[in-house]
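Working notes, structure below.
There are 4 protein chains.
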Amino acid sequence: MNENNSTAVLLLSCPDRIGLISRISHFVFERGGNILDLDEHVDGDYFFVRVAWNMKNFSIPELEIAEAFQPLAKEFNAKWKINFTEKNLRLAVFVSKYDHCLQEILWRQRMGEFNIEIPLIISNHEDLKPLADQYGIPYFVFQITEENKFEQEKKEIALLKENKVDSIVLARYMQLLSLNFVDEYPNQIINIHHSFLPAFVGSHPYRQAYERGVKIIGATSHYVTRALDDGPIIEQDIIRVSHKDTVNDLVRKGRDLERLILARAIYFHAQHRILVHGKKTVIFE
Amino acid sequence: MNENNSTAVLLLSCPDRIGLISRISHFVFERGGNILDLDEHVDGDYFFVRVAWNMKNFSIPELEIAEAFQPLAKEFNAKWKINFTEKNLRLAVFVSKYDHCLQEILWRQRMGEFNIEIPLIISNHEDLKPLADQYGIPYFVFQITEENKFEQEKKEIALLKENKVDSIVLARYMQLLSLNFVDEYPNQIINIHHSFLPAFVGSHPYRQAYERGVKIIGATSHYVTRALDDGPIIEQDIIRVSHKDTVNDLVRKGRDLERLILARAIYFHAQHRILVHGKKTVIFE
Amino acid sequence: MNENNSTAVLLLSCPDRIGLISRISHFVFERGGNILDLDEHVDGDYFFVRVAWNMKNFSIPELEIAEAFQPLAKEFNAKWKINFTEKNLRLAVFVSKYDHCLQEILWRQRMGEFNIEIPLIISNHEDLKPLADQYGIPYFVFQITEENKFEQEKKEIALLKENKVDSIVLARYMQLLSLNFVDEYPNQIINIHHSFLPAFVGSHPYRQAYERGVKIIGATSHYVTRALDDGPIIEQDIIRVSHKDTVNDLVRKGRDLERLILARAIYFHAQHRILVHGKKTVIFE
Amino acid sequence: MNENNSTAVLLLSCPDRIGLISRISHFVFERGGNILDLDEHVDGDYFFVRVAWNMKNFSIPELEIAEAFQPLAKEFNAKWKINFTEKNLRLAVFVSKYDHCLQEILWRQRMGEFNIEIPLIISNHEDLKPLADQYGIPYFVFQITEENKFEQEKKEIALLKENKVDSIVLARYMQLLSLNFVDEYPNQIINIHHSFLPAFVGSHPYRQAYERGVKIIGATSHYVTRALDDGPIIEQDIIRVSHKDTVNDLVRKGRDLERLILARAIYFHAQHRILVHGKKTVIFE
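These protein sequence lines are chains R, U, D and C, in that order.
Read in the numbering used here, the first sequence has 110 at position 110, and its numbers run on one by one without any break.
Read in the numbering used here, the second sequence has 1027 at position 27, and its numbers run on one by one without any break.
Read in the numbering used here, the third sequence has 2135 at position 135, and its numbers run on one by one without any break.
Read in the numbering used here, the fourth sequence has 3175 at position 175, and its numbers run on one by one without any break.
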């Protein structure tokens, strides 16, 4: 029997059928787990669920849960994963020269808002090393050119593996990752795009928004997929602008959006609140 | 076995203990019900749940479900109720002279946004009878004075009972209900107050907001309790104002808030998405 | 000298130069006008201004103001117009089958929120005639086919001219106007598009939004130009959605956006608060 | 004639009368100033204006403008002040132990978002000295007890005068300033209160909000006056909460509000966009 105070979090999706909640909750109940939070969603004929339970008094240890749950999951033909709040996700942050998103992440991390580890920061520039130093986090520079991209990414991936990194946050990282890199971390790379997607895809959204004369600008956090700015959306929000705002004002106002929305996306991801289904996300807030 | 396509909705709250979800979902499962939606919440040591399941193929008829569920509820020491989407709530709307909230309710009702019946409208003035007529809803006038209030409310209550009214919506009704009336419909009377409660309790919130120089005004929908503007809050929202806005502008802007927020509160209430616990609500959105 | 209580509103734009405000305000001052509101904007080297003054005690009558102001405007090489609040804009509303935007406009009009006249409603369907009748507004049906479009629009334009219509509101009118029609009313046709432009141009934005998995939907009111959904944006706003929302939920939530945003656009337009410059608007809120 | 590129900003309020804008803009025009921005407001019979003009080519130097403008201001019986964008306001920041507001201010200051100087930070605790050090700003600690408050504040005021401080920002400073201190800086002390004033005055607003079961929490930035949390409101905003949020969640969500709203208030203040009139502010956005 466990003595710890960890929480187990099951994320599961499968074709819908009768009895899913009953059987999953029974699995927890019969082993002595108290369900703290259960949220489910049915989209047409597909079923999604997040169940969190207290591991105190649970009759089997963390390491054996997956094996015990396996037969049920197989019967349901489910995609699933069980995480434990005791074991934080390990996130690497990729940056270039803008500091606002990194500032926000490091500050929130120190405030204890995320349950994550940040073993390293990777950049294609030296600029933000002093900020990383303030927080005592190793900072690695990999300069990227068209010629060396393949080689540099290979080294980055090796470094990430070595550091047992689970997920990657692109905190205004100004390089496109290769398809090869993206494939290494499916639904584990979180990007912040500085527009209200699908409006203004690409690299100059504030300029485009200014020229179109919109009355609202937005930002979008999404998982990175092979198609540019087209991955499953995690979070979006907007801020009002007016004819008085220059492109620089949009950039200034947009910075606040970018860092807050990216922080919310990391929060959901780190708490195992996101299921990806096709091109969309289910967020159990 | 049922052939209908109705959905059953259980709302239940009780002291938290292990196995609640497992046993409730098992109750549904073993009778052939497919859970469409389950949302739960634990607040300290109290448990709240909303479970919706399809009645098609359910092994016992609607009328026998309460009896079948009773033993479980008793063991859990629960407050609970099961509603069926086939049987709409019956709401009476109380109004005075302002038409915006009534317009909104009747229009949404006709659009099919609410699953409710509106068997009658009660007012202390004749003014909104033409609007009620447009929608073909009986309109009753009970003029209220200090002297006749007790007698008039008795007649109103009789009329409500006769019409099998479940809940009451105060759509900018400008009379205070007596404690006696309030006690007849605990957590079944929905009010809209034209401020961001608890700021600006009482009858001139826009005037007060103007004089305080706030930059935002709000509106609040809540259940009516014995204390003025102090009942459990269902929904709130706000709109920005500026130094350019006169009291009349606040009234104009506030009207939009009032009708939208009241509509959202009715929507949650009619879909059985609200549990009241002490002075607060749990809203399963 | 005028005895009336009307307000004059000058909207003017011209190349920026020194002394513009001084000379315009002096024009008002030396004729005895008290400026109630002045708002200006400089965008690079172009100047925009809205000046409202009280006509009481103004030394020349309304009819002579344009002539008196002409020399100044000519010197500034300005585009300009003076309106009087006494004389309401005359708006025709075009509708098809959806009633929510028309409801909203007619209700606000009766509440006195707009200073407009609505001499007629035009539709390609009979459906909303009863609503027009409730408000006592003439309702004309012009069925549109590919073959008769040119002829029908000619009749519509004749009817609009006959009724001295200044501007047109497309309140979810489901027909594209021909370029010929659009050219008759430059920057005088207000449309509501049910997406956050420039995202989701075209006729199925809610479906597209659902499929993309956005977390926010929007609506946009804009002036109609020759290019589809590409005219100067007047107002935009958004509402949050989640994975729980079906396409029908987006439609339902979107209706609230559409009618509120269209109403705000009409409000700005009717109060002569909008200047169009190229593809963008300056809104003097 | 001036060669510099500074902008002059006049803030003026006086009883309303005919010709104010004409005469003020003429004052600028006849000295060769190009008005960049003019915003005015009339509230009943009181007049408020903000005029910004380019000092390039202005015929008199900065130091002589006040004297030149004095006769006009006297005739209008006006309260007024002219600032120059070349000369930044000097703000002192007061803090206790929470770092989020100070972080936000220092980061935005370094990004160039504010046009201010921060010559010093004052605290009643040592905790935030390392943060001040990172930005190279002198940090002074004055421990406050009931007994020494009068003496310590005298020293603080002396230090502020010595550093030519114009305004003070209370960035979650947890001590009440004495009336004596407040009187030294009328409408120059900006506070952030962690509730939607006038709701939840005092020191535990998140606790109160939690217990009342509100669906929205807010924050308010205001000028400090002699009455607690009752000064003229500069800016307010809100964030949604739900039954799932604990008091700690309200604190976490509220932090984001507090720092963003305080930053907006400083932005308006530093750009000379605020006029105080009685208990209210006019904000020329």
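Note that CB positions come from ideal geometry on N, CA and C, so glycine has one too.
### Query
Listing by chain order, which chain C residues have their CB less than 8 Å from the CB of residue 260 (chain R)?
In the first sequence, residue 260 (chain R) corresponds to position 260, counting from 1. Correct list: 3256.
### Query
So, helix, strand or coil for residue 3105 (chain C), using DSSP?
Walking along the fourth sequence from the start, residue 3105 (chain C) turns up at place 105. Helix.
### Query
By Cβ distance, which residues of its chain are closer than 8 Å to residue 2126 (chain D), with the 5 residues on each side in sequence left out?
Here residue 2126 (chain D) corresponds to residue number 126 of the third sequence, with the count starting at 1. Answer for residue 2126 (chain D): 2141, listed in chain order.
#### Entry: DSSP three-state assignment for residue 2015 (chain D), whether helix, strand or coil
What you label residue 2015 (chain D) is simply residue 15 of the third sequence in a count that begins at 1. If DSSP states are grouped into helix, strand and coil, residue 2015 (chain D) belongs with the strands.
### DSSP beta-bridge partners of residue 90 (chain R)
Stepping through the first sequence from its first residue, residue 90 (chain R) is reached at position 90. In DSSP, residue 90 (chain R) forms a bridge with R:117.
### Query
So the alpha helix (DSSP H) residue 70 (chain R) belongs to, where does it begin and stop?
Within the first sequence, numbered from 1, the residue matching residue 70 (chain R) stands at position 70. Run containing residue 70 (chain R): 62 to 76, per the alpha helix (DSSP H) assignment.
### Task
Please determine, among U:1234, U:1180 and U:1246, the residue with the shortest C-alpha to C-alpha distance to residue 1208 (chain U).
By one-based count along the second sequence, residue 1208 (chain U) stands at place 208. Comparing Cα-Cα distances from residue 1208 (chain U) to each of U:1234, U:1180 and U:1246, the minimum goes to U:1246.
### Query
CA-CA distance, residue 3183 (chain C) and residue 3226 (chain C)?
Counting from one through the fourth sequence, the residue named residue 3183 (chain C) turns up at place 183. Counting from one through the fourth sequence, the residue named residue 3226 (chain C) turns up at place 226. Using only the alpha carbons, I get a separation of about 8 Å.
### Message
Between residue 2082 (chain D) and residue 2066 (chain D), how many whole angstroms is the CB-CB distance? I'm expecting something under 8 Å.
### Response
Counted from its first residue, the third sequence places residue 2082 (chain D) at position 82. Counted from its first residue, the third sequence places residue 2066 (chain D) at position 66. Yes, residue 2082 (chain D) and residue 2066 (chain D) are in contact; Cβ-Cβ is about 6 Å, under 8 Å.
### Query
If residue 1163 (chain U) and residue 1119 (chain U) are in contact, beta carbons under 8 Å, what's the gap, nearest whole angstrom?
For the purposes of this step, residue 1163 (chain U) is taken as residue 163 along the second sequence, with counting starting at 1. For the purposes of this step, residue 1119 (chain U) is taken as residue 119 along the second sequence, with counting starting at 1. Sure, about 4 Å apart at Cβ, within 8 Å.
### Query
In chain order, what residues of the same chain lie with their CB nearer than 8 Å to the CB of residue 23 (chain R), ignoring the 5 residues before and after it?
Looking up residue 23 (chain R) in the first sequence gives position 23. The residues are 72.
### Query
Is the Cβ-Cβ distance between residue 2216 (chain D) and residue 238 (chain R) less than 8 Å?
To locate residue 2216 (chain D), count along the third sequence from 1; it is residue 216. To locate residue 238 (chain R), count along the first sequence from 1; it is residue 238. The answer is yes: Cβ separation under 8 Å.
### Message
Along the stretch 98 to 115 of chain R, where does the CB come closer than 7 Å to a CB of chain C? Name the residues.
### Response
103, 107 and 113
### Message
Counting only Cβ pairs nearer than 7 Å, list the residues of chain R close to residue 1021 (chain U).
### Response
Taking the first residue of the second sequence as 1, we reach residue 1021 (chain U) at position 21. Those are 25, 35 and 38, listed as they occur along chain R.
#### Entry: Boundaries (first-last residue) of the alpha helix (DSSP H) holding residue 180 (chain R)
Taking the first residue of the first sequence as 1, we reach residue 180 (chain R) at position 180. Counting along the chain, the alpha helix (DSSP H) containing residue 180 (chain R) begins and ends at 179 to 184.
### Task
Pick out the complete alpha helix (DSSP H) segments inside the stretch 2132 to 2165 of chain D, 4 residues or longer, and give them in chain order.
2149 to 2162
### Message
Here's the rule I'm using: 16 or more other beta-carbon atoms within 10 Å means buried, otherwise exposed. How should residue 111 (chain R) be labelled?
### Response
Indexing the first sequence from 1 puts residue 111 (chain R) at position 111. Its Cβ having fewer than 16 others within 10 Å, residue 111 (chain R) is exposed.
### Query
What are the partner residues of residue 2081 (chain D), as DSSP defines its beta bridges?
Counted from its first residue, the third sequence places residue 2081 (chain D) at position 81. Bridge partners of residue 2081 (chain D): D:2011.
### Message
For residue 1108 (chain U) and residue 2256 (chain D), what's the separation of their Cα atoms in angstroms?
### Response
As a working mapping, residue 1108 (chain U) is identified with position 108 in the second sequence. As a working mapping, residue 2256 (chain D) is identified with position 256 in the third sequence. Looking at the two C-alpha atoms, the distance is approximately 10 Å.
### Query
Given a threshold of 16 other Cβ atoms within 10 Å of its Cβ, counted over all protein chains shown, does residue 3001 (chain C) qualify as buried or as exposed?
To locate residue 3001 (chain C), count along the fourth sequence from 1; it is residue 1. At residue 3001 (chain C) the pLDDT is 49, less than 50, meaning the model places this residue with poor confidence; the figure from the coordinates comes in the next sentence. By the 10 Å Cβ count, residue 3001 (chain C) comes out exposed.
### Task
Please report how far the alpha carbon of residue 3078 (chain C) lies from the alpha carbon of residue 3012 (chain C), in whole angstroms.
Residue mapping note: residue 3078 (chain C) aligns to position 78 of the fourth sequence, counting from 1. Residue mapping note: residue 3012 (chain C) aligns to position 12 of the fourth sequence, counting from 1. So the alpha carbons of these two residues sit roughly 6 Å apart.
#### Entry: Which of helix, strand or coil DSSP assigns to residue 3227 (chain C)
Residue 3227 (chain C) sits at position 227 when you count from the first residue of the fourth sequence. In this structure, residue 3227 (chain C) counts as coil in the three-state DSSP scheme.
### Message
Contact criterion: CB-CB distance below 8 Å. Does residue 134 (chain R) meet it with respect to chain C?
### Response
For this step, residue 134 (chain R) is matched to residue 134 along the first sequence. Answer yes: the Cβ-Cβ gap between residue 134 (chain R) and chain C drops below 8 Å somewhere.
### Query
chain D beta carbons: is any one of them nearer than 8 Å to that of residue 1252 (chain U)?
Start at 1 with the first residue of the second sequence, and residue 1252 (chain U) comes out as number 252. So yes, residue 1252 (chain U) belongs to the interface.
### Query
When the Cα of residue 3169 (chain C) is compared with those of C:3129, C:3259 and C:3070, which residue comes out closest?
On the fourth sequence, residue 3169 (chain C) is found 169 positions in, with the first residue counted as 1. Comparing Cα-Cα distances from residue 3169 (chain C) to each of C:3129, C:3259 and C:3070, the minimum goes to C:3259.
### Query
Can you tell me whether DSSP reads residue 218 (chain R) as helix, strand or coil?
Numbered from 1 along the first sequence, position 218 holds the residue referred to as residue 218 (chain R). Three-state result, residue 218 (chain R): strand.
### 7 Å Cβ shell around residue 3144 (chain C) - same chain, five flanking residues per side excluded
Start at 1 with the first residue of the fourth sequence, and residue 3144 (chain C) comes out as number 144. Same-chain partners within the cutoff: 3124, 3152 and 3175.
### Query
Taking the alpha helix (DSSP H) that residue 188 (chain R) falls in, what are its first and last residues?
Against the first sequence, residue 188 (chain R) aligns to sequence position 188. Neither: residue 188 (chain R) is in no alpha helix (DSSP H) and is coded neither H nor E.
### Task
Have a look at residue 3069 (chain C) and residue 2035 (chain D) and give me their C-alpha separation to the nearest angstrom.
Taking the fourth sequence and counting its residues from 1, the one referred to as residue 3069 (chain C) is at position 69. Taking the third sequence and counting its residues from 1, the one referred to as residue 2035 (chain D) is at position 35. So the two alpha carbons sit approximately 21 Å from each other.
### Query
If residue 3157 (chain C) and residue 3270 (chain C) are in contact, beta carbons under 8 Å, what's the gap, nearest whole angstrom?
As a first step, residue 3157 (chain C) is located in the fourth sequence; it is residue number 157 there, counting from the start. As a first step, residue 3270 (chain C) is located in the fourth sequence; it is residue number 270 there, counting from the start. Not confirmed; about 22 Å, so no contact.
### Task
Give a yes or no on whether 8 Å exceeds the smallest Cβ distance from residue 2198 (chain D) to chain R.
Counted from its first residue, the third sequence places residue 2198 (chain D) at position 198. Output row for residue 2198 (chain D): interface = yes.
#### Entry: Start and end residues, beta strand (DSSP E) containing residue 2268 (chain D)
Position 268 of the third sequence, counted from the first residue, corresponds to residue 2268 (chain D). Note, residue 2268 (chain D): premise wrong, no beta strand (DSSP E); alpha helix (DSSP H) at 2247 to 2270.
### Query
Would residue 1261 (chain U) pass as a contact of residue 1285 (chain U) if the rule is Cβ separation under 8 Å?
As a position in the second sequence, residue 1261 (chain U) is number 261, starting the count at 1. As a position in the second sequence, residue 1285 (chain U) is number 285, starting the count at 1. For residue 1261 (chain U) and residue 1285 (chain U), no; Cβs fall outside 8 Å.
#### Entry: Cβ-Cβ separation, residue 1198 (chain U) to residue 3212 (chain C) (assumed contact under 8 Å), whole Å
Working through the fourth sequence from its first residue, we reach residue 3212 (chain C) at position 212. Working through the second sequence from its first residue, we reach residue 1198 (chain U) at position 198. Correct: roughly 6 Å between the Cβ atoms.
### Message
Let me check one thing: in DSSP terms, what residues is residue 287 (chain R) bridge-paired to?
### Response
Lying before the first or after the last residue shown, residue 287 (chain R) is absent from chain R, which here runs from 1 to 285.
#### Entry: Among R:59, R:31 and R:15, the one whose alpha carbon lies nearest that of residue 49 (chain R)
Along the first sequence, read from residue 1 onward, the residue named residue 49 (chain R) stands at position 49. The shortest C-alpha separation from residue 49 (chain R) is found at R:15.
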